[in-house]
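Chemist: Next up is a structure, given as structure tokens.
In the numbering used here, the protein residues as written are 1 to 335.
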């Protein structure tokens, strides 16, 4: 069958890498059921003129020449698939990111069905998630409805023994301990730095949290040897660049090696080998060992507890995603 293409082909970067991977592996075609698709939209352009309104008001809002950016758009025989892509698992998004492109391309390609998708790539779980939304009334901005969602993985479940992940090349000696429970955000931080968003304020704006939290997530990435920090500016290390350039199907194991070979986890692994398991108390005792350069205890008792919660969150990730540990009540043992 010959497909008539209307829109020109463009290229992009950033989230596009993971979206391209989903497209090239057939996930997008599987999700949409649109048959053969072609990448015909990517990048910024100005909207055509259109009006819309909010459901609670009859006042028309006029739009003309507003800048929009499609992370990708794919065209088939009958459909145009518009995609807003994000790395990580955001709790919300701006409807405008879907609505304005939907109205714009509805004008450009009226003979085709315009479909709007939101795409997420979860770095810590190595999963690809597609959501499809429709606008029940095309002229009403907030008539958006989710009609479909699918989560995909291109990697078969893999389980590892600790000894398979221990590697001196991944060891870090930093005496800091992370306070950042969401490992996905720690890894996502690297993609931001790679795109030039490398200051505390820029990262806080992106994640919609205060600058102090930016420093916590930066500190966690530094703990893993992925970045260095200097006066509110983050820079990737060679190890960080290696992670960013690692293929998506191998990044999860890369992250696991970073964690398992960090100093706190090496202490916990030694503890488990000595007595057969470790507990939350062992986690806190390991963190309490951290010292400043002048030999002082680095963390107070209350701080030890908060950072202990992060270590446990990462232990649970290693347990659930890769089977590295076994959890039996309050005890963790090597699988």
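Backbone N, C-alpha and C define an ideal beta-carbon position, used for all residues, glycine too. Remember, predicted model here, so these are calculated numbers, not experimental data.
Going by DSSP, what residue range makes up the alpha helix (DSSP H) through residue 207?
Modeler: 200 to 207
Chemist: Find the nearest neighbour of residue 130 within the set 305, 101 and 151, judged by alpha-carbon distance.
Modeler: For residue 130, the nearest C-alpha among the options comes from 151.
Chemist: Which whole-angstrom value describes the C-beta separation of residue 335 and residue 325, a residue pair presumed to lie in contact below a C-beta threshold of 8 Å?
Modeler: 6 Å
Chemist: Taking just the CA atoms, how far does residue 127 sit from residue 306?
Modeler: 28 Å
Chemist: Who are the Cβ neighbours of residue 292 in its own chain at under 6 Å, not counting the five residues just before and after it?
Modeler: Residues of the same chain with a CB within less than 6 Å of the CB of residue 292, apart from the 5 flanking positions on each side, are 298 in chain order.
Chemist: For the alpha helix (DSSP H) containing residue 162, name the first residue and the last one.
Modeler: 162 to 165
Chemist: Going by the CB atoms, is the gap between residue 264 and residue 288 shorter than 7 Å?
Modeler: No, the pair does not count as a contact, with Cβ atoms beyond the cut-off.
Chemist: Pull up the DSSP beta-bridge partners for residue 86, would you.
Modeler: 120
Chemist: Spatial neighbours of residue 6 within its chain, please: CB distance less than 6 Å, with the 5 preceding and 5 following residues excluded, ordered by chain position.
Modeler: At residue 6, the pLDDT of 44 sits below 50, so the modelled position is not reliable and the matter cannot be decided from this model.
Chemist: Which partner residues does residue 129 have in the DSSP bridge list?
Modeler: 120 and 151
Chemist: Is the separation between the beta-carbon of residue 120 and that of residue 98 shorter than 7 Å?
Modeler: no
Chemist: What span of residues does the alpha helix (DSSP H) with residue 212 cover, start to end?
Modeler: 211 to 223
Chemist: Can you grab the Cα-Cα spacing for the pair residue 19 / residue 27, in whole Å?
Modeler: 10 Å
Chemist: Nearest-angstrom Cα distance between residue 236 and residue 103?
Modeler: 39 Å
Chemist: Taking the runs of the alpha helix (DSSP H) that are 4 residues or longer, which of them lie wholly in the stretch 249 to 315?
Modeler: 263 to 275 and 280 to 288
Chemist: Does the separation of the CB atoms of residue 106 and residue 114 fall below 7 Å?
Modeler: By the CB criterion at 7 Å, residue 106 and residue 114 fall inside the cutoff.
Chemist: Specify the secondary structure class of residue 3 as computed by DSSP and reduced to three states.
Modeler: At residue 3 the pLDDT is 42, less than 50, meaning the model places this residue with poor confidence and gives no usable figure here.
Chemist: Mind the definition here: the stretch 171 to 188 touches the stretch 245 to 263 only if three or more C-beta pairs lie below 8 Å; say whether that holds.
Modeler: The stretch 171 to 188 is in contact with the stretch 245 to 263.
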